[in-house]
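Each remark here refers to the structure printed beneath this line.
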Amino acid sequence: MKTILKNIFNASIILIIYLILLAFITSDHKWLMLIMQIFIVVLFIIYKKSKSEKKFFISILTFIVIIAFGMVFEKDISRGGLYLLFLPIIYILTKKSYDKKWLIPIIPIIILFNSFVVFPNYFEWIKSFNSPDSIGTDISKLDLVDENGRKIVLPSEGYLVLDFWTTSCSQCFKKFPILDALSNKYQDDINFYAINVPTKKDKNLEQIVERIEREGYKFNKLYATNQKETQKLLNFNLYPQIFFIQDGKVINTELRLNNSLVYISNLEYEIQRLIK
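Just add 6 to wherever you are in the sequence shown, counting from 1, and you've got the numbering used here.
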């Protein structure tokens, strides 16, 4: 019985590690990708020393099969796809590094490149296929107010960036520093707005205003009056969501507030292209 349990554990160790990490890393998967690749290297060394390399290979195979099944079942390749590619590659490179020592310094570089360049760009590329279908929507129909509850109509001319957020969206708050930096950098060419969309958990406007104002950001802040109507007009339900506006109409829904290593759907790169 102990042998059976031990074999099951060995066959499932990578999956177990993945699930444990997934419970703690829920928002930014590049860190999960980084840690998983490091675990592949470390575990291979451990299993190699104990002469159980075959058991480790079975564990990788088990992980690949289960992740692939999950992707098919969920019809979603946005996160799992690159695990099926990167983990076996790191396994193979680590294995070969025992004979080809020149691979040893290269493996960490590949791990970092996979995690912080390839994975984020791949993720944005996948997300671009699910962008809201709201090109051409007239934003004057948005029901917005300022911090005092006074009705506001957005400018009908020029370029605008609308960043929709909610108080329960942790990623929204992580992206605000990028929005603030872009707002300061391109304030002469584009107007930037962070627009809160109220949820059932929000008690009142004052509470929402206090939540964002305490951060001290300089970008414009507005507040939608109704979540359902806002999402229906612009055809979205995920946050944060960026809409790029020209002369009062939506012209792009695929852009994101990402760092310079993410080239796909990067808002700043699109801004630079337009204002040249």
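Don't be surprised by glycine CBs; every beta carbon is placed ideally from N, CA and C.
Would residue 176 be called buried (16 or more neighbouring beta carbons within 10 Å of its own) or exposed?
On the sequence shown, position 170 is the one that residue 176 refers to. Exposed is the call here.
Among the candidates 14, 258, 117 and 231, whose CA atom is the shortest distance from the CA of residue 97?
The count along the sequence shown starts at 1 and reaches residue 97 at position 91. Closest by alpha carbon: 117.
Taking 8 Å as the threshold (C-beta atoms), are residue 273 and residue 263 in contact?
Working through the sequence shown from its first residue, we reach residue 263 at position 257. Working through the sequence shown from its first residue, we reach residue 273 at position 267. Contact: yes.
Boundaries of the alpha helix (DSSP H) in which residue 186 is found, first to last residue:
As a position in the sequence shown, residue 186 is number 180, starting the count at 1. 176-191 is the span of the alpha helix (DSSP H), which, as asked, contains residue 186.
Between the beta-carbon of residue 53 and the beta-carbon of residue 45, is there less than 8 Å?
If you number the sequence shown from 1, residue 53 lands on position 47. If you number the sequence shown from 1, residue 45 lands on position 39. The Cβ atoms of residue 53 and residue 45 do not sit closer than 8 Å to each other.
So, helix, strand or coil for residue 156, using DSSP?
Taking the sequence shown and counting its residues from 1, one reaches residue 156 at position 150. Coil.
Taking 8 Å as the cut-off, decide whether the C-beta atoms of residue 17 and residue 68 are in contact.
As a first step, residue 17 is located in the sequence shown; it is residue number 11 there, counting from the start. As a first step, residue 68 is located in the sequence shown; it is residue number 62 there, counting from the start. It is a contact, given that the beta carbons lie within the stated cut-off.
Using a Cβ-Cβ cutoff of less than 6 Å, which residues in the same chain neighbour residue 125 once the five nearest sequence positions on both sides are dropped?
Position 119 of the sequence shown, counted from the first residue, corresponds to residue 125. Cβ within range, chain order: 36, 39 and 88.
Among 65, 278 and 212, whose alpha-carbon lies nearest the alpha-carbon of residue 155?
Taking the first residue of the sequence shown as 1, we reach residue 155 at position 149. Comparing Cα positions, the closest option is 212.
Have a look at the DSSP bridge pairing and note the partners of residue 272.
Along the sequence shown, read from residue 1 onward, the residue named residue 272 stands at position 266. In DSSP, residue 272 forms a bridge with 262.
Pair within 8 Å by beta-carbon distance, residue 229 and residue 214:
Sequence index remark: in the sequence shown, residue 229 carries index 223 (1-based). Sequence index remark: in the sequence shown, residue 214 carries index 208 (1-based). For residue 229 and residue 214, yes; Cβs fall inside 8 Å.
Endpoints, alpha helix (DSSP H) assigned at residue 91:
To locate residue 91, count along the sequence shown from 1; it is residue 85. Secondary structure note for residue 91: its alpha helix (DSSP H) is the uninterrupted segment 86-102.
Could you spell out the range, first to last residue, of the beta strand (DSSP E) harbouring residue 171?
Position 165 of the sequence shown holds residue 171. First-last of the beta strand (DSSP E) with residue 171: 165-171.
Note down the Cα distance separating residue 92 from residue 216, rounded to an integer number of angstroms.
Sequence index remark: in the sequence shown, residue 92 carries index 86 (1-based). Sequence index remark: in the sequence shown, residue 216 carries index 210 (1-based). C-alpha separation (whole angstroms): 43 Å.
So what does DSSP say about residue 248, is it helix, strand or coil?
The count along the sequence shown starts at 1 and reaches residue 248 at position 242. Looking at residue 248 - three-state DSSP - the assignment turns out to be strand.
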